[in-house]
Amino acid sequence: MMNKRKSDDPRKYREYIKQETHWVWGKRYQFSVVEQKGSPVVDLQTKKLILRIGADTDIATRSHFLKQWYRNQLRAAAYELVGKWETRLQVKAASVFVRAMDDVWGSCNPQKRTIRLNAALVHKSPDCLEYIIVHELAHLIEQGNDHSLTAVLHNALPNWEAVRDHLNQSTLTY
Ligand SMILES: [Zn+2]
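In structure tokens form, the structure reads like this:
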């Protein structure tokens, strides 16, 4: 389990889409909505994140579509990294889920061999996602958060403590 500090200011559904700044993989983007016909798309440019969506859609629909896009980004990156680290650590997870979670960045159920990843990891730099994946996969080898686990982490990701500290200081919510 990798704990995450709770935010003092949980963002509400409606506020989420109105924010001008969005973070994607640790980089800052200016967010805007462009109303246009056709299927909605999310257009990620160098400095801009643009949701192109029909003028007749309400804010809940827009927010839902954007969140779905974020989750798809996270899933695609996570599945690739899980595959890479399953091979290196010689473990296998039965399933990997992406969930909005208030309290943890990731968790592992060693009995069911399932891993849950916080959907908000898509906002953090990719090394954060990688660290959480390695941490949770390592729980399939070592269940406690003690020195046997840290030995696995040291061996796998020599800079893991810096990444963990960065995540612990973060109050970002999804
Ligand atoms: Zn843990």
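Position one of the sequence shown corresponds to residue 262 (this note's numbering), numbered consecutively onward. Don't be surprised by glycine CBs; every beta carbon is placed ideally from N, CA and C.
Residue range Val365 to Asn370 is occupied by the beta strand (DSSP E) that includes Trp366, with no alpha helix (DSSP H) assigned at that position. Shown here, Lys279 sits in a helix according to DSSP, grouped into three states. The segment 310–328 makes no contact with the segment 337–357, as fewer than three CB pairs between them are under 8 Å.
The bridge partners DSSP lists for Trp284 are Arg289.
Around the C-beta of Gly367, 16 or more other C-beta atoms lie within 10 Å, and the residue is accordingly described as buried. In this structure, the beta-carbon distance from Val302 to Leu310 does not fall below 8 Å. For Leu401, DSSP assigns no beta-bridge partner whatsoever. DSSP places Leu310 in the strand class (E or B) of the three-state scheme. With a cut-off of 8 Å on Cβ pairs, the segment 330–338 is not in contact with the segment 346–354, counting fewer than three such pairs.
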